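Following: one structure in structure tokens, then a few remarks.
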Amino acid sequence: MAHQLDLDLDRALARAETFFDGVFAPLEAWLPLLRQRLTGALADGPVTGAQLAALVEADAHAVLDTHDRPLYGAGYCASDEIVSEGNPLAWWQGAERSLLASSAFGPGQAAIDLVRLEWYRVPEATGERHVAGPFVDYLCSNEITVTSALPVALGADFVGVICADVLVSSLERALLPDLAGGVTLVNANGRVIVSSDPEWETGDRHADTTARAARSARYPLAVVAG
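Counting in full-length UniProt numbering, the sequence shown runs from 1 upward without gaps.
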């Protein structure tokens, strides 16, 4: 019985990892092109937020046009070295591919708040891809969201992150069939992302340290039984 449970957990984790592999795939494809575009654009110094949006719009739309993952939003959040003024977040979202016209964080002190967000802060610190959330995305969608972020570097210099958002409601539709039998997907802090167990809701802290679990080596995720 325990052996079968472990197999079920491993299969559920593999499905979750495969899902996020697919979210990162178009970001990975975009990354070398973005580096090339930034290198050319920065030849005369930093750009404005409007120039940044024009620079990356077509590529961000291409990420959103990925049909095998239910992406809600995508774009590039630049570091201070890239954007001299205006919005450092070039971001498009929703079925209409609407541009996030302004950043709620703005310049100055607000920019400090921006870099403290998990989806920016962790890739900057580690140099690795990261899955952040679940969280209520008050900046963009006002929905419970999971953000997949990939660091961008020019040479040895970190210059921001490219990201894609998946709404938890879409994640539930994609993953719950593989989490049958009371299995729960949690983040590294034990926060519930999605669960087939009615006892757990998104955002709850799964505090059962005795539960059997399978933990991802690639992402800050685990699947927990019960």
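Here a beta-carbon is modelled for each residue, glycine too, at the ideal position from N, C-alpha and C.
Values in this document were obtained by computation on a predicted structure and should not be read as measured data.
- Sequence-distant Cβ neighbours of Arg218 in its own chain, meaning closer than 7 Å and more than five residues away, are Glu17.
- The straight-line gap separating the alpha-carbon atoms of Leu38 and Ala207 is approximately 44 Å.
- With a cutoff of 8 Å on beta-carbon distance, Tyr72 and Gly94 are scored as near each other.
- Here the region 25-35 does not lie against the region 111-125, with fewer than 3 beta-carbon pairs under 8 Å apart.
- The beta carbons of Ala74 and Leu64 sit about 5 Å from each other, so the pair counts as a contact at 8 Å.
- Just measuring C-alpha positions, the residue of Val224, Val166, Gly160 sitting nearest Asp80 is Gly160.
- According to the DSSP assignment, Glu172 belongs to the alpha helix (DSSP H) that extends over 168-175.
- Around the CB of Ser98, fewer than 16 other CB atoms lie within 10 Å, so the residue is classed as exposed.
- If the five residues before and after Ala174 are omitted, its C-beta is found closer than 7 Å to the C-beta atoms of Phe19, Pro70, all from its own chain and listed in chain order.
- Less than 8 Å divides the Cβ of Ile82 from the Cβ of Val47.
- Contact between Val152 and Ile193 fails: their C-beta atoms lie close to 25 Å from each other, not under 8 Å.
- Under the three-state reduction of DSSP output, Pro123 falls in the helix class.
- Counting of Cβ neighbours within 10 angstroms places Tyr120 among the buried residues, the total reaching 16 or more.
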